[in-house]
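Oh and the sequence shown: position 330 is 329 in numbering that gives the first Met the number 0, straight run, nothing missing.
We treat Cβ as the ideally placed atom computed from N, Cα and C, and that holds for glycine.
Quick caveat, the model's predicted, so the values are computed rather than measured.
Everything below concerns the one structure shown next.
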Amino acid sequence: MKIETSSYFAASAPAAVTSHVDRHQAALVRCIGKLQTTMPIIGIRNPKIGLDDNGWAYCGPYDWVVSFHAGQLWLALQLTGDPTFLHAARARRSVFRNILAHRRAQDHDLGFQYSLSCVAEWLMTGEKEPRALALDAANLLLGRYRPEGRYLQAWNALPTHGSMRADFANGRIIADTMQNLALLYWAYGETGRSDFRDAADGHADTSLKHLVRADDTSFHTFLFDPGNGRPLRGETHQGFADDSCWSRGQAWLIHGFAQCARVTGSETYLDAARKLAAKAQQLMGTEVVPAWDYNVPDSQNAPRDSSAGAIMAAGIYMLADQCSFDEAQHWRGFADRLIAGLLDTCDLTSDPAALGLLAHGAAHVGSGFSDTMLPYGDYYFMEALMRSLGHTQFFW
Ligand code: GLY
0 MKIETSSYFA ASAPAAVTSH VDRHQAALVR CIGKLQTTMP IIGIRNPKIG
50 LDDNGWAYCG PYDWVVSFHA GQLWLALQLT GDPTFLHAAR ARRSVFRNIL
100 AHRRAQDHDL GFQYSLSCVA EWLMTGEKEP RALALDAANL LLGRYRPEGR
150 YLQAWNALPT HGSMRADFAN GRIIADTMQN LALLYWAYGE TGRSDFRDAA
200 DGHADTSLKH LVRADDTSFH TFLFDPGNGR PLRGETHQGF ADDSCWSRGQ
250 AWLIHGFAQC ARVTGSETYL DAARKLAAKA QQLMGTEVVP AWDYNVPDSQ
300 NAPRDSSAGA IMAAGIYMLA DQCSFDEAQH WRGFADRLIA GLLDTCDLTS
350 DPAALGLLAH GAAHVGSGFS DTMLPYGDYY FMEALMRSLG HTQFFW
């Protein structure tokens with residue numbers, strides 16, 4: 000076992016932080032309680048998106064979000080040592096065998112899917128099969144690397160993606176993929192094979208060059224000529240406009256670059272996380288939960304995206320852990336403010352009718368999916384609370 004279970008209270012909160020500890024600690028205890036009480040209802044299904052009554056709609060077998068509930072269960076096991084979390088998380092393993100058997104199920108989201116399930120299981124239990132499954136997934140993710148443009152192709156032009164056409168999917172990178180690089184870095188650590196690391200570095204470099212704009216806002220996606228890797232243009236898929244800044248995309252990049260910096264020690268990636276975070280802070284102004292897109296008209300009344308707030312908070316605590324004391328104070332203050340916003344306006348952990356943790360997520364506003372619970376918002380909320388309390392062991 001590479002990660003030991005630790006008590007809720009075991010991690011030592013950084014010296015700079017005391018004021019939020021009790022509130023964050025209590026919230027984390029409520030998260031664990033919610034996972035415990037919902038276990039008999041959720042069973043081995045995997046939440047996909049919230050329903051109007053704060054129940055869940057559940058994933059099909061290949062959904063990109065299929066691992067986020069498992070990720071919460073593995074965190075809960077780490078915090079409590081309670082074997083019911085182990086059994087509930089481990090019971091999901093067949094989902095991850097199945098994805099590897101179906102070519103159409105495999106895209107850039109293999110990183111999200113396997114880091115929070117099979118890598119987590121390997122780190123928590125030392126069992127061999129999940130390690131092998133995660134390495135197979137990492138190999139498949141590596142197969143999406145396009146050396147001519149130094150990027151990982153995000154999507155497949157296949158019926159699993161609805162009407163997405165080949166010319167839309169081919170040659171496209173998206174901000175979200177930064178979260179999937181952790182699986183490649185993990186596989187490099189396990190095998191010593193430098194092609195895993197080189198692909199992750201290559202994709203991070205390309206994302207920094209083309210997804211991050213000169214003013215530190217970001218494109219959601221960027222398109223390359225799939226034949227020769229020539230950069231073409233930035234576009235959106237889930238944001239308000241091609242030239243707007245989708246708040247979850249900015250959050251994926253903040254967390255992703257902070258994570259790449261942590262793994263590689265690169266000052267370039269750390270600086271990228273810092274600049275993206277500073278821009279998000281500026282764009283939020285006095286808001287406490289980000290609007291779904293920073294450039295949407297009348298943003299104060301636009302749908303919020305609690306998942307963007309949670310992802311960003313987790314990433315900013317990770318950024319803070321890599322900064323000098325004074326700079327860390329600044330970033331922790333901002334992340335604490337994001338958590339306070341979530342606790343003040345989105346917290347469902349005390350609502351007995353809710354099966355999830357956070358309200359007011361925006362999955363895809365353009366397709367009509369907003370103001371809902373999201374399993375990734377819930378996962379990153381727990382990660383952020385844990386990081387705020389000094390925990391440093393995660394599955395990526
Ligand atoms: N990775 C898809 C999303 O953020 O909605």
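Buried or exposed: where does PHE221 fall if 16 or more other Cβ atoms within 10 Å of its Cβ makes it buried?
buried
Could you tell me if PHE8 is buried or exposed, where buried requires 16 or more neighbouring beta carbons within 10 angstroms of its beta carbon?
The predicted model places PHE8 with a pLDDT of 49, which falls under 50 and marks its position as unreliable, so this point remains unresolved.
For my contact list, GLN258 and MET311 are in at a C-beta cut-off of 8 Å; report their separation, rounded to the angstrom.
Between MET311 and GLN258 the Cβ distance is about 13 Å, and since that is not below 8 Å, they are no contact.
Return the bridge partner residues of TRP245 from the DSSP annotation.
ASP292
Checking the sheet assignment: what are the DSSP bridge partners for LEU357?
DSSP lists ASP346 as partners of LEU357.
Supposed contact pair ASP304 and ARG247 - C-beta distance, whole angstroms, cut 8 Å:
At roughly 6 Å, the Cβ-Cβ gap stays under 8 Å, so ARG247 and ASP304 are in contact.
Validate contact between the stretch 324–344 and the stretch 278–288 using beta carbons, cut 8 Å, 3 pairs:
yes
Sequence-distant residues of the same chain with beta carbon closer than 8 Å to ASP350, five excluded per side
ASN53
Between which two residues does the alpha helix (DSSP H) holding PHE84 run?
82–89
Give, in chain order, every unbroken run of the alpha helix (DSSP H) that is at least 4 residues long and sits entirely within the stretch 196–282.
Taking 4 residues as the shortest admissible run, the stretch 196–282 contains the following complete alpha helix (DSSP H) segments, listed from N- to C-terminal end: 246–263.
Buried or exposed for PRO296, please, with buried defined as at least 16 other CB atoms from any protein chain shown within 10 angstroms of its CB.
Residue burial annotation: PRO296 is exposed, with fewer than 16 other C-beta atoms found within 10 angstroms of its C-beta.
Rounded to the nearest angstrom, what separates THR190 and VAL118 at their Cα positions?
In this model, THR190 and VAL118 are separated by some 14 Å (Cα to Cα).
Taking its Cβ as the centre, do 16 or more other Cβ atoms sit within 10 Å of THR391, making it buried, or is it exposed?
The residue is exposed, with fewer than 16 neighbouring Cβ atoms inside 10 Å.
On the DSSP bridge assignment, give the partners of ILE173 in chain order.
In the DSSP assignment, the residues bridged to ILE173 are THR220.
Neighbour flag for ARG229 against chain D, beta carbons, 8 Å
Structure shown: chain D not included; a single protein chain is present.
May I ask you to check if the CB of ARG171 is nearer than 7 Å to at least one heavy atom of the ligand SAM?
This structure does not include the ligand SAM; its bound ligands are the ligand GLY.
Taking DSSP's pairing of strands, which residues face PRO46 in a bridge?
TYR57
Which value, in whole angstroms, describes the spacing of the CA atoms of PHE380 and TYR268?
23 Å
Taking the alpha-carbon positions, what's the GLN321 to PHE223 distance?
33 Å
Beta-carbon separation of ILE31 and LEU122 under 8 Å?
no
What's the gap between the Cα of ARG192 and the Cα of PRO230?
Straight-line Cα distance between these residues: approximately 28 Å.
Looking only at C-alpha atoms, which of LEU109, HIS107, LYS274 and SER66 sits nearest to ARG89?
SER66
So if DSSP puts LEU151 in a beta bridge, which residue, or which two residues, is it bridged to?
TYR144
Pick from PRO82, ARG96, GLY125 and GLU266 that is closest to GLN112, judged by C-alpha positions:
ARG96
Taking the continuous alpha helix (DSSP H) assigned at LYS33, which residues delimit it?
20–41
Which of helix, strand or coil DSSP assigns to HIS390:
coil
Counted within 10 angstroms of its Cβ, other Cβ atoms place SER298 as buried (16 or more) or exposed
SER298 comes out buried.
Helix, strand or coil: which one does DSSP assign to HIS107?
coil
DSSP on HIS329, reduced to helix/strand/coil?
helix
What residue from GLY188, GLN237, GLY314 and VAL364 has the CA that sits closest to THR263's CA?
GLY188
For the ligand GLY, is there any heavy atom lying closer than 7 Å to the beta carbon of TRP154?
Not one heavy atom of the ligand GLY sits closer than 7 Å to the Cβ of TRP154.
To the nearest angstrom, how far is the alpha carbon of GLY80 from that of PHE394?
16 Å
What first and last residue would you give for the alpha helix (DSSP H) that runs through THR124?
119–124
So, helix, strand or coil for HIS101, using DSSP?
coil
Check THR285 in the structure and name its three-state DSSP category.
Coil, per DSSP.
Can you tell which of LEU72, LEU356, LEU151 and SER93 has its C-alpha closest to the C-alpha of GLU128?
A check of alpha carbon separations from GLU128 across LEU72, LEU356, LEU151 and SER93 identifies SER93 as the nearest.
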